[in-house]
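Residue numbers (mature numbering (1 follows the signal peptide of the UniProt record, and there is no 0)): -23 to -1, 1 to 448. Even glycine gets a Cβ: it sits at the ideal position worked out from N, Cα and C. Predicted model only: the values in this text are computed from it and were never measured. Below is one structure, written out as structure tokens; the observations come after it.
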């Protein structure tokens, strides 16, 4: 072995022994220890400008879960180690929209701090996240007005501006899934009892189709200047509309109701003409002979010095409801009386044979009697020969009622008289045949109605009577 090699080997051995001695002394005097930080806030780095971190409801969030970190370092470093010297980060570099599992990285925040993370020293070691694409769209601005102006004041259309220029739309910016729900940017201006122009800044709110506010999005601009002109008018008066109706409905019909739309009109004008107006008339409309509801659009008649307020109509719709008269009519009707149940061998005579009844009903029901006359009968069932006063029975159709008591008639029942049968002998040549009865008397013509016997009454056709309604 050469002297040079021997020298090098001795030098290497000396260095090794020196390092071992230094390490032994260092670990003996400054041993390595562990420390746990139970609540370290996670931080996200490397997120692209076109992406946003969202929660499970697609709401943008900057909040990440806390993690527990266990570190190993020497006693000297541990004495100077503070929680702010340690940070836990999620590196999102290169990640796109969607859900991801990102490992947690532990880094020192100072260059003069050294430590190492022990095995399984990060809990949780992987964190699920969700990224969404940032998008934007244009939505209109809507201003809702709250309250009403004092009498004799009116407002103009609201004017919206931002940065000194008029605008009607704004940009809504946020996660794609949320801005798709935004329909408009809304704000509310309170003009209750104002007597001068409204001017002020208002904050816009993104809302969906149902008017519900959508969180997690940003409006640009978010605050706008709103101007609502409010000016006094010469004079205003709210008056009712009274239609001018000509004619009468058809017979048997009446006006049930009159509906005007709109029923009130606001007039503008000087105080003199307005004070003299109590109602506002319309042009004439006719209902002559009408038997059903009449609807007409008629013009309003504005007195001199007045006119409809701006935005008020100059025509109204008049609906005249026409219906049949429901009150009953009363008529007197002659009714032919007939008999039922007449016994065999009897003749019946009625006095009177025609009775007069008072009936009530609607106009339509009474008119039907012209085609269907009333029928009156007396029941003679079981009656013997004699004289009777009987109550008439009436067959009243639907919608017809009888006024007062049922009429009565006097009924006389008599036996029928059967004439004797004549025997005719056979004549001989040259003789004239003379009818001879069984008793030998010459037969004479028999009167079908012997003296003292009433003639048999045969019902005559009932007279057709056109009822004349008497209200």
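Excluding sequence positions up to five before and after residue 86, its CB lies within less than 6 Å of the CB of 62 and 64, all in the same chain and listed in chain order.
In the DSSP annotation of this structure, residue 53 is not part of any beta strand (DSSP E); the continuous alpha helix (DSSP H) holding it starts and ends at 52 to 57.
Excluding the 5 residues flanking it on each side, residue 118 has same chain C-beta neighbours closer than 8 Å at 137, 144, 145, 146, 147, 161, 162, 163, 164, 181 and 201, in chain order. Per the Cβ contact rule, the segment 89 to 104 is in contact with the segment 69 to 81 (3 or more Cβ pairs under 8 Å). The residue among 219, 247 and 255 with its C-alpha nearest the C-alpha of residue 238 is 219. In this model, residue 343 and residue 369 are separated by some 21 Å (Cα to Cα). Between the alpha carbons of residue 247 and residue 204 lies a gap of roughly 28 Å. Residue range 213 to 223 is occupied by the beta strand (DSSP E) that includes residue 217. By the Cβ criterion, the segment 271 to 278 is in contact with the segment 290 to 297, since at least three pairs of Cβ atoms, one from each stretch, lie closer than 8 Å. Per DSSP, the unbroken alpha helix (DSSP H) holding residue 344 starts and ends at 340 to 345. Around the C-beta of residue 242, 16 or more other C-beta atoms lie within 10 Å, and the residue is accordingly described as buried. The beta carbon of residue 258 sits closer than 7 Å to the beta carbons of 219, 221 and 278 from its chain, once the five residues preceding and following it are set aside; these are given in chain order.
In the displayed model, residue 320 falls within coil according to three-state DSSP, outside both helix and strand.
Secondary structure of residue 112 (DSSP, three-state): strand. Per the C-alpha coordinates, the member of 366, 372 and 308 positioned closest to residue 339 is 308. Ranking 121, 11, 261 and 75 by CA distance to the CA of residue 168 puts 121 first.
Spatial neighbours of residue 211 in its own chain (CB-CB distance under 7 Å, excluding positions within 5 residues in sequence) are listed in chain order as 245, 246 and 247. Taking 3 residues as the shortest admissible run, the segment 257 to 306 contains the following complete beta strand (DSSP E) segments, listed from N- to C-terminal end: 257 to 263, 271 to 276, 283 to 285 and 292 to 301. For residue 256, the CB contacts under 8 Å within the same chain, skipping 5 residues up- and downstream, are 216, 217, 218 and 219 in chain order. Partner residues in the beta bridge of residue 313, as assigned by DSSP, are 331. DSSP places residue 238 in no alpha helix (DSSP H) but in the uninterrupted beta strand (DSSP E) bounded by 230 to 238.
Apart from sequence neighbours up to five positions away, the residues of its chain that approach residue 271 with a beta-carbon distance below 7 Å are 264, 297 and 299, ordered along the chain. The beta carbons of residue 355 and residue 332 sit no closer together than 8 Å.
At the C-beta level, residue 112 and residue 156 come within 8 Å of one another. Relative to residue 178, the option among 159, 198 and 191 whose CA is nearest is 198.
By the neighbour-count definition (other C-beta atoms within 10 Å, threshold 16), residue 54 is a buried residue. Scanning 266, 125 and 240 for the CA closest to the CA of residue 226 turns up 266.
DSSP places residue 249 in the helix class (H, G or I) of the three-state scheme.
DSSP places residue 184 in the strand class (E or B) of the three-state scheme. Counting of Cβ neighbours within 10 angstroms places residue 16 among the exposed residues, the total staying below 16.
Residue state for residue 373 is assigned as coil, using DSSP reduced to three classes. Counting only residues of its own chain and dropping the five nearest sequence neighbours on each side, residue 21 has a CB closer than 7 Å to the CB of 30, 41, 67 and 69. The beta carbon of residue 116 sits closer than 7 Å to those of 146, 147, 149, 159, 160, 161 and 162, all from its chain and outside the five residues before and after it, given in chain order.
Annotation: residue 349 to residue 240 spans about 47 Å, alpha carbon to alpha carbon.
In terms of CA proximity to residue 232, 268 leads the group 253, 268, 251 and 213. The Cβ atoms of residue 336 and residue 377 lie closer than 8 Å to each other.
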